[in-house]
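Residue numbers (the numbering used here): 1 to 389.
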């Protein structure tokens, strides 16, 4: 009989990873997964300003779907994952512009519709900010009131699209003056969500102010009432109070030219009486004249990819050649905030190009009051997991 020989050899099993290697692999996997989810499906955003109140409040945290309108391919591929403009907590840029790619949009569930709440990259360069690439410009959220080809007009605060009144968002705000001799405090206003919840670089935004009149004869000040931004539903409640002596809607009158309004002095427009104007559509051709230059000159210069654009109030030259008409290369949108008297929107800086659209705001998953009355009220419980309308 033959004896079986015992054969030994090296084990085929891979060596055990060190704890540091396992931790590094886990972090790498988490970053890659989070980056893909953020790019392909949903991205989290926070509301920093009151331009969408009372629909969206400062301190609301929401998810934005990139699937609805289609995923936008990155223009700036060289950037640190999960950052935007700068590396966290520093002023160090988180990107490099050595490679700039053409932008495409994959098919989505739907197109941008009138009334959608949309996140987009702020089109015009902000004062003091670098001229970021399109996909790294500041994220802004507004409501779309005009889609490509629409005729948009505002008459006494009411928005009309193609001569039809656009439904007013349920929670939208505007400015009222309530006449009263009663002294009201912050606790009262907070009860009706009329709060000073926004700290801007210039100081706090005051959402309610007493209006007083000084009498030289008596050397005394008399309270006349309060100015504040709120919703029509809240105003209907105020009208039931015995101490309310009158309510006035503070609307600017037609024909009044307001400084800073889009279109400039070429049109007698203001924030409450604006237009009509047509939202540019891909393939739409316009004649070049004084009026169209005032409305579309910046679009042709900034967003259409034209080189060597020369614009005056009377003419446009492309590469030194004057043009008498222009055909748009992409779609545009007209955006407005629901807080109509406290929103920096298309009434002031114009149209949003299609390649600036990020996604559709779908729901609020968390809401933190930046100026809570107490610790329990830090979380706005009634706003959690609320679908955005």
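The beta-carbon is built from N, C-alpha and C at its ideal position, and this holds for glycine as well. Since the structure is predicted, the reported quantities are computational estimates derived from the model, not experimental observations.
For residue i, does the three-state DSSP call read helix, strand or coil?
i, result
"residue 444", "The structure shown does not extend to residue 444, since the chain is modelled only from 1 to 389, so the question has no answer here."
"residue 221", "strand"
"residue 167", "coil"
"residue 266", "helix"
"residue 384", "coil"
"residue 180", "strand"
"residue 295", "helix"
"residue 78", "coil"
"residue 252", "coil"
"residue 133", "coil"
"residue 50", "helix"
"residue 216", "coil"
"residue 353", "strand"
"residue 33", "helix"
"residue 271", "coil"
For residue i, list the residues DSSP reports as bridge partners.
i, result
"residue 339", "173"
"residue 208", "228"
"residue 366", "61"
"residue 325", "287"
"residue 72", "105"
"residue 238", "DSSP lists no partner for residue 238."
"residue 93", "86"
"residue 310", "317"
"residue 359", "119"
"residue 332", "353"
"residue 247", "178"
Take residue i and list the residues in its own chain whose beta-carbon comes closer than 8 angstroms to its own, dropping the five residues that flank it on each side.
i, result
"residue 391", "For the chain, the structure presents residues 1 to 389; residue 391 sits outside this window and is missing."
"residue 245", "179, 180, 181, 225"
"residue 385", "363, 364, 365"
"residue 71", "39, 40, 105, 106, 108"
"residue 283", "327, 328"
Quick check on the DSSP output: the alpha helix (DSSP H) that includes residue i runs from which residue to which?
i, result
"residue 347", "346-349"
"residue 186", "186-191"
Ends of the beta strand (DSSP E) at residue i?
i, result
"residue 274", "274-278"
"residue 44", "42-46"
"residue 155", "151-155"
"residue 318", "316-318"
"residue 141", "139-146"
"residue 111", "Unbroken run through residue 111: none, as it is neither H nor E."
"residue 160", "158-161"
Going by beta carbon distance, what residues of the same chain come within less than 6 angstroms of residue i, once the five residues before and after it are set aside?
i, result
"residue 392", "The structure shown does not extend to residue 392, since the chain is modelled only from 1 to 389, so the question has no answer here."
"residue 55", "169, 171, 338"
"residue 160", "153"
"residue 390", "With the chain represented from 1 up to 389, any question about residue 390 goes unanswered, as that position is not in the structure."
"residue 213", "222, 224"
"residue 380", "367, 369"
"residue 175", "229, 250, 341"
"residue 64", "43, 45, 119, 359, 361"
"residue 316", "288, 323"
For residue i, I'd like the list of residues in its chain whose CB is within less than 7 angstroms of its CB, leaving aside the five on either flank, ordered along the chain.
i, result
"residue 254", "273"
"residue 238", "178, 244, 247"
"residue 18", "none"
"residue 96", "78"
"residue 351", "279, 280, 299, 332, 333, 334"
"residue 195", "189, 207, 371"
"residue 291", "266"
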